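Here the structure comes first, spelled out in structure tokens, and everything after it is commentary.
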Amino acid sequence: MRSLVLAAVSSLALAACGMQGQDNERESDTVASAEVGTDYGYETYGDDNLADTMASNDDRYLSGSDNAQPAEIGDPEERPIMQAQVVLDRVGFGPGVIDGKMGMSTTNALEGFQEANDLEVTGKLDEATKAALAEWERIPATRVVTIPASWGDADYTDMPEDVAEKAELDRLGYTSLDERLAERFHTTVEVLKQLNPGGRPAGMEQGSVSAAPGAMSSPSASPTTSETPKSFFTAGQQVRVPNIGGDRIAPGKVENGDWQRTLASLGVGTEQTEVDRIVVSKAGKTLKAYQGDKLVALFTVSSGSSEFPLPLGEWKILGEAYNPPYSYDPEVLGKKDGKDETHQFPPGPNSPVGVVWIDLSKEHYGIHGTPDPETIGRAQSSGCVRLTNWDAARLAGMVSQSTQVIFEA
3 MRSLVLAAVS SLALAACGMQ GQDNERESDT VASAEVGTDY GYETYGDDNL
53 ADTMASNDDR YLSGSDNAQP AEIGDPEERP IMQAQVVLDR VGFGPGVIDG
103 KMGMSTTNAL EGFQEANDLE VTGKLDEATK AALAEWERIP ATRVVTIPAS
153 WGDADYTDMP EDVAEKAELD RLGYTSLDER LAERFHTTVE VLKQLNPGGR
203 PAGMEQGSVS AAPGAMSSPS ASPTTSETPK SFFTAGQQVR VPNIGGDRIA
253 PGKVENGDWQ RTLASLGVGT EQTEVDRIVV SKAGKTLKAY QGDKLVALFT
303 VSSGSSEFPL PLGEWKILGE AYNPPYSYDP EVLGKKDGKD ETHQFPPGPN
353 SPVGVVWIDL SKEHYGIHGT PDPETIGRAQ SSGCVRLTNW DAARLAGMVS
403 QSTQVIFEA
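Each residue of the sequence shown is one higher than the last, beginning at 3 in our numbering.
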């Protein structure tokens, strides 16, 4: 992965998106190298993989070895669309929210994969596409993980609607353990509930302790207060999740400790393809990434609106801000009633610009994440290019200041 701080982003005075950034390279957050016993702020998968304990392990499927891991609880359903989604997500063609259904983002991902592999571009999981994906056929659609115990000690706070109250929060973090788990596995809470009927992983027999030691006998709620919403899932529970991969964080690859924690929380690894050019299509609602003339990645995006149209043309990347604060300015955002004042929102995954801001040479414009992944490609943005938090984080590892940016109709 390229250096995550490409330049000191000292002045991101963003009118259209209402974002105000800062240099995010703080000495106190720097991780110089991976050392045994280092506290990264979360439990890691291992000394050679600083992803969290729920990280993927494709070797156990592709090599036939279980790698000293406990036997898995078999999924009673085949879930072919979800299996294709988790594979496409691995190889750089993001299907957006992984839900086991054909939709716009999955169609875009299939079209991108087909284009990259010189197949007929149909946007369908046809026989030729299945054949091209055959090397990944042993990767199951889902896997069972145990939610880390430390998640039970985390703070979860409901997001107030009032902007002044939101600005008073210390962080725009996850509202619940459920929301955090869904974003970690690139899906929704509703899909997680479907994969875990009655609070148990699909395929686990009622009362089967030996098959799934440590699993909860029924869905239980995390401790709640007036500010902490109730969760369906709980720390220590075994759950079935979409089998996303590509989440390995190599020791010493991330200099910013806060950003490393963010990558781990999003299931995004450090082994990203370096790209020379990205092309955002307003009509196609896609962002394509190229190495030379070869398409290597594609993500569905929201871009522009009637009031803040996508600025067509060629631009440069000035830098990146990780977990940036957000300047809420009603006048800048086109709210003309004058009822709200300007406020500074703290950073976090529920920030209006998500977890990362990629600053562009077009003043007031950038590429960023979102707190609402299910709206990508469907809702308009305030002029900027918006992706899911996990896709935005992945893109941040692909680009540099030498990456060409093209916005086209």
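Don't be surprised by glycine CBs; every beta carbon is placed ideally from N, CA and C.
Just so we're clear, the structure is a prediction, and the values are computed from it rather than from any experiment.
For chain B, is any of its Cβ atoms less than 9 Å away from the one on Arg380?
Given the protein chain composition of this structure (a single chain), no chain B is represented.
Looking at Thr390 and Thr372, is the spacing between their C-beta atoms short of 9 Å?
Numbered from 1 along the sequence shown, position 370 holds the residue referred to as residue 372. Numbered from 1 along the sequence shown, position 388 holds the residue referred to as residue 390. Contact: yes.
Nearest-angstrom Cα separation, counted from Arg388 out to Tyr47:
Taking the sequence shown and counting its residues from 1, the one referred to as residue 47 is at position 45. Taking the sequence shown and counting its residues from 1, the one referred to as residue 388 is at position 386. C-alpha separation (whole angstroms): 30 Å.
CA-to-CA distance, Glu79 to Val281, given in whole angstroms
Walking along the sequence shown from the start, residue 281 turns up at place 279. Walking along the sequence shown from the start, residue 79 turns up at place 77. Taking the straight line from one Cα to the other gives about 37 Å.
Could you tell me which residues DSSP pairs with Asn391 in its beta bridges?
Locating residue 391 in the sequence shown gives position 389, where the first residue counts as 1. Answer is none; Asn391 lacks a bridge partner.
List the endpoints of the continuous beta strand (DSSP E) containing Val281.
Within the sequence shown, the letter at position 279 stands for residue 281. Counting along the chain, the beta strand (DSSP E) containing Val281 begins and ends at 279-283.
Straight-line Cα distance separating Gly379 from Met106:
Here residue 106 refers to the residue found at position 104 when the sequence shown is read from its first residue. Here residue 379 refers to the residue found at position 377 when the sequence shown is read from its first residue. Distance between the alpha carbons of Met106 and Gly379 is about 8 Å.
Asn325 and Trp392 - do their beta-carbons sit closer together than 9 Å?
The residue you call residue 392 lines up with position 390 of the sequence shown. The residue you call residue 325 lines up with position 323 of the sequence shown. Not a contact, by the Cβ cut-off of 9 Å.
Which partner residues of Asp361 appear in the DSSP bridge assignment?
As a working note, residue 361 is residue 359 in the sequence shown. Partner(s): Gly321, Gly368.
Since Ile378 sits in a beta bridge, which residues does DSSP pair it with?
Taking the sequence shown and counting its residues from 1, one reaches residue 378 at position 376. Answer is none; Ile378 lacks a bridge partner.
At 3 residues or longer, and completely inside the stretch 242-288: list those beta strand (DSSP E) runs for me, N to C.
279-283
In DSSP terms, what Gly315 is bridged to:
If you number the sequence shown from 1, residue 315 lands on position 313. Gly315 pairs with Phe409.
Going by CA-CA distance only, name the one from Ser307, Glu137, Asp249 that's closest to Met56.
Here residue 56 corresponds to residue number 54 of the sequence shown, with the count starting at 1. With distances taken between Cα atoms, Met56 lies closest to Asp249.
Smallest Cα separation from Thr124: which of Lys287, Ala136, Thr108, Glu139?
As a first step, residue 124 must be located in the sequence shown, where it is residue number 122. Ranking Lys287, Ala136, Thr108, Glu139 by Cα distance to Thr124 puts Thr108 first.
Label Glu207 either buried or exposed according to how many other C-beta atoms from any shown protein chain fall within 10 Å of its C-beta, with 16 as the threshold for buried.
One-based indexing of the sequence shown puts residue 207 at position 205. It is exposed - the Cβ of Glu207 has fewer than 16 other Cβ atoms within 10 Å.
So which of Gly238, Ala130, Pro348 has the shortest CA-CA distance to Asp172?
Here residue 172 refers to the residue found at position 170 of the sequence shown. Considering only alpha carbons, the answer is Pro348.
Cα separation between Ala2 and Pro82?
Given a span of 3 to 411 for the chain in the structure shown, any question on residue 2 remains unanswerable.
With distances taken Cα to Cα, identify the nearest neighbour of Asp155 among Ala237, Ile408, Ala204.
Working through the sequence shown from its first residue, we reach residue 155 at position 153. Comparing Cα positions, the closest option is Ala237.
Locate the alpha helix (DSSP H) running through Asn110, then write down its first and last residues.
Reading the sequence shown from its first residue, position 108 is the one you call residue 110. From DSSP, the alpha helix (DSSP H) with Asn110 extends over 106-118.
If I measure Cβ to Cβ from Leu297 and keep anything under 8 Å in the same chain, skipping five residues before and after, which residues do I get?
Position 295 of the sequence shown holds residue 297. Closer than 8 Å at Cβ, skipping near neighbours: Gly114, Glu117, Ala118, Lys290, Ala291.
Residues bridged to Val401 [DSSP beta-bridge criterion]:
Reading the sequence shown from its first residue, position 399 is the one you call residue 401. Note: Val401 sits in no beta bridge, so no partner.
For Ala134, the residue or residues it bridges with in DSSP:
Here residue 134 corresponds to residue number 132 of the sequence shown, with the count starting at 1. Beta-bridge pairing links Ala134 to no other residue.
How is Pro204 classed by DSSP in three states: helix, strand or coil?
The residue you call residue 204 lines up with position 202 of the sequence shown. Before going on, a small fix: residue 204 reads as Ala here, not Pro. Residue state, collapsed to three classes: coil.
Measuring only the C-alpha atoms, how far is Leu179 from Arg186?
Taking the sequence shown and counting its residues from 1, the one referred to as residue 179 is at position 177. Taking the sequence shown and counting its residues from 1, the one referred to as residue 186 is at position 184. Spanning the two alpha carbons is a distance of roughly 10 Å.
Go to Ala53, then tell me how far its beta strand (DSSP E) extends in each direction, as first and last residue.
Walking along the sequence shown from the start, residue 53 turns up at place 51. Residues 51-54.
Return helix, strand or coil for Gly306, following the three-state DSSP convention.
As a first step, residue 306 must be located in the sequence shown, where it is residue number 304. Note: Gly306 maps to coil in three-state DSSP.
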